[in-house]
Each structure stands twice: as structure tokens, then as C-alpha cells.
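Here the sequence shown stands for residues 4 to 180, where the numbers follow my numbering.
Reviewing the structure listed below.
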Amino acid sequence: MPDKCHQPPLMLIYIKTQRAKTDGQTLDSRIYITRFAFSFLKAMASYLSMTLGLLFLCMLAGVHGGQLRVWNLHAKNLEGDLERSQADGYVKISWGGQNGGMTNFNMNNANPSWTAKFILEEETNSPSSLKLEVWDKDLKHDDHLGTCIVEVMSGTHNKQCDIGSKGSLLFNYSYSP
Ligand SMILES: [Ca+2]
Ligand SMILES: [Ca+2]
């Protein structure tokens, strides 16, 4: 049985060289894997910091969102119930899913005005339109006289909104994004 001791010296050198090459390749592979892991971690870290940065900016935007103010609400020629009974008007305000509240009831008045002021804070899902519903207060079931939909624009505006044959609604609003 031939063993290493009986192998010629040249063969031994050849075997050692081959082993050294194999070891070198293993080392190269390890270095390559380590480098790859480092660059992967680096990419993950930059992705994470970018995401966190964006999240922080979004939070800031949420905190400092736009504001919508509505005031000087009044109506003209609101329809009453009976011939001699005038409307008992009130207005409900909403902006998207956000309920902005309502005015008081202005009883027995076809041309009511309301002193209430409304401040609505913009949310991420706030739509561009503001909704004002005009109602007539009744003993049992209030009557919906009409709805005014306004496309909100920056600045201060004086708005008149026709709610059909049942009257018209007037108000001021200001919006700062
Ligand atoms: Ca009424
Ligand atoms: Ca009514």
C-alpha cells in the first residue's frame, strides 16, 4: 500500500499546493460572504433610517396639518312646515369623516343667522370638500332642507350656497393648508 512516505517529493509539493489553493478559496469565500453580509446590513440600516425619517416627517405633517374655519353662518328663505310656521333652522358641519358639530336652533325664522364658529383640523384623509347640512328642527323628525358641498380652497372666502327651493345658506370660511 503506497502512503505519503513513499510518494515522490514532487507529488507531495503538488498535493500541498492544491491544499493551499483550496484553503485560499475557502478564505476567499468567507471574505466574500462577510463583505456581502456587511453590505446587506448597511443597505438594511439605510432603508430603516429612511423609513423612520419619512415616518417622522409624516408625524410632523399630521401635527401641523391644515386648519379650516367656518363662521358667519346665515340662511335666507328657509322653508317652514306649515303656512304660518317658519323654519326652525340649524346647520351641521362635517369634513370627511370628521364631525365638526352643529349650530343652535334658530326657531321660527326664515332668515336665521348663527353666531357659532367652527374650527376643523385637517387629517390625512380629509377630502377637499366641506359639507354643511341645513335642517329644520321639529318635535319628532327634523326635516333635511338641503346640503351644501363646498370645494375648500386656500384663503378666506365668502360663500353663498343654493340649497334648492328650500332656501340658501351663506357663510365665511378660511382654509390654511
Ligand atoms: Ca320646524
Ligand atoms: Ca319641519
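Glycine included, each C-beta is placed from N, C-alpha and C at the ideal position.
- Listed in chain order, the beta strand (DSSP E) runs fully inside the stretch 36-115 are 70-79, 92-98, 101-105, counting runs of at least 3 residues.
- Taking C-alpha positions only, Asn-107 is separated from Thr-150 by approximately 17 Å.
- Of the residues Asn-175, Lys-162, Asn-128, the one whose Cα lies closest to the Cα of Thr-118 is Asn-175.
- DSSP places Ile-152 in the uninterrupted beta strand (DSSP E) bounded by 146-154.
- If the five residues before and after Leu-133 are omitted, its C-beta is found closer than 6 Å to the C-beta atoms of Trp-98, Val-153, Val-155, all from its own chain and listed in chain order.
- A distance criterion of 8 Å places the beta-carbon of Lys-140 in contact range of ligand 1, judged by its closest non-hydrogen atom.
- For Ser-132, the enclosing beta strand (DSSP E) covers residues 132-139.
- Around the CB of Ile-166, 16 or more other CB atoms lie within 10 Å, so the residue is classed as buried.
- Counting the other Cβ atoms within 10 Å of the Cβ of Pro-180 gives fewer than 16, which makes it exposed.
- When DSSP states are grouped into helix, strand and coil, Ser-129 belongs to the coil group.
- The beta carbon of Gln-163 lies closer than 8 Å to those of Ser-171, Leu-172, Leu-173 in the same chain, with the five residues before and after it left out.
- Where Gly-158 is concerned, the enclosing beta strand (DSSP E) starts and stops at 158-165.
- Leaving aside the five residues that flank Tyr-35 on each side, none in its chain has a CB nearer than 7 Å to its CB.
- Between the stretch 40-49 and the stretch 86-94 there are fewer than three C-beta pairs closer than 8 Å, too few to call the two in contact.
- Of all alpha-carbon atoms in Leu-123, Asp-145, Ala-78, the one lying nearest the alpha-carbon of Gly-104 is that of Leu-123.
- If you draw a straight line from the Cα of Leu-81 to the Cα of Ser-131, it comes to about 27 Å.
- For the set Leu-135, Ser-129, Ser-177, the Cα lying nearest the Cα of Ala-78 is the one of Leu-135.
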